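Asker:
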Amino acid sequence: MGTDTKLVISTAFTSFFTFQLLFHFISYWFSAKISSGFNSLSFEKRIEWNSRVVSTCHSLVVGVFGLYIFLFDEATIADPLWGDPSFVKVNIAVASGYLISDLLILILYWKVIGDKYFIIHHCTALYAYYFVLIFIDYR
1 MGTDTKLVIS TAFTSFFTFQ LLFHFISYWF SAKISSGFNS LSFEKRIEWN SRVVSTCHSL
61 VVGVFGLYIF LFDEATIADP LWGDPSFVKV NIAVASGYLI SDLLILILYW KVIGDKYFII
121 HHCTALYAYY FVLIFIDYR
């Protein structure tokens, strides 16, 4: 197993567990700290809120990292199509960890936030990311 593969797998696992912690613990704590009304929300509304907090955090992390790659990664700037994909792989690993985490949350709280189109979206994205990660070095 190559160094890149270990990095991608460890990043995806770290991402998964980080987003699970964010959903189950950190979002509850932080939301209650900044808003007195959070604790008065129904169980369903808190699940929906925490899901959106995690989604927003994911978007910010992946988006900022993507902008960094686009604007400052020398390998990508030198050759945008065939440059060294190391940072791209890490960004995809973070996104994959989030998608797997969100799939688990969708299944656990299906009656509250379950939607078959989210499942299709997440599985399709993971399928595409898998092929990018597998075949990115075969150019």
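Number 26 in full-length UniProt numbering belongs to position 26 of the sequence shown; there are no gaps in the numbering. Yeah, the Cβ is synthetic: ideal placement off N, Cα and C, and Gly gets one too. Fair warning: this is a prediction, and the values are worked out from it, not measured in the lab.
1) Which whole-angstrom value describes the C-beta separation of A93 and A12, a residue pair presumed to lie in contact below a C-beta threshold of 8 Å?
2) For V112, tell me which candidate among L60, H121, W49 has the shortest Cα-Cα distance.
3) For my contact list, F23 and V62 are in at a C-beta cut-off of 8 Å; report their separation, rounded to the angstrom.
4) Does DSSP put S59 in a helix, in a strand, or in coil?
5) Count Cβ pairs between the stretch 97-105 and the stretch 115-126 that sit closer than 8 Å; are there 3 or more?
6) In whole angstroms, what is the alpha-carbon distance linking L133 and F65?
7) If I measure Cβ to Cβ from I136 and keep anything under 8 Å in the same chain, skipping five residues before and after, which residues do I get?
8) Please list the segments of the alpha helix (DSSP H) lying wholly inside the stretch 17-42, counting only runs of 4 or more residues, in order along the chain.
9) Could you name the residues of the same chain whose beta carbon sits closer than 7 Å to that of D4, not counting the 5 residues immediately before and after it, in chain order?
10) Give me the residue from N39, S15, G37, K33 with the minimum Cα distance to S59.
11) Can you check whether the CB of I107 is closer than 8 Å to the CB of S51?
Answerer: This is what the structure gives:
1) The beta-carbon separation of A93 and A12, rounded to 4 Å, stays under the 8 Å limit for a contact.
2) W49
3) Between V62 and F23 the Cβ distance is about 16 Å, and since that is not below 8 Å, they are no contact.
4) DSSP places S59 in helix when its eight states are reduced to three.
5) yes
6) 17 Å
7) P85, V88, K89
8) 27-34
9) When the five nearest sequence neighbours on each side are left out, the beta carbons in the same chain lying within less than 7 Å of the beta carbon of D4 are those of S86, K89, in order along the chain.
10) S15
11) no
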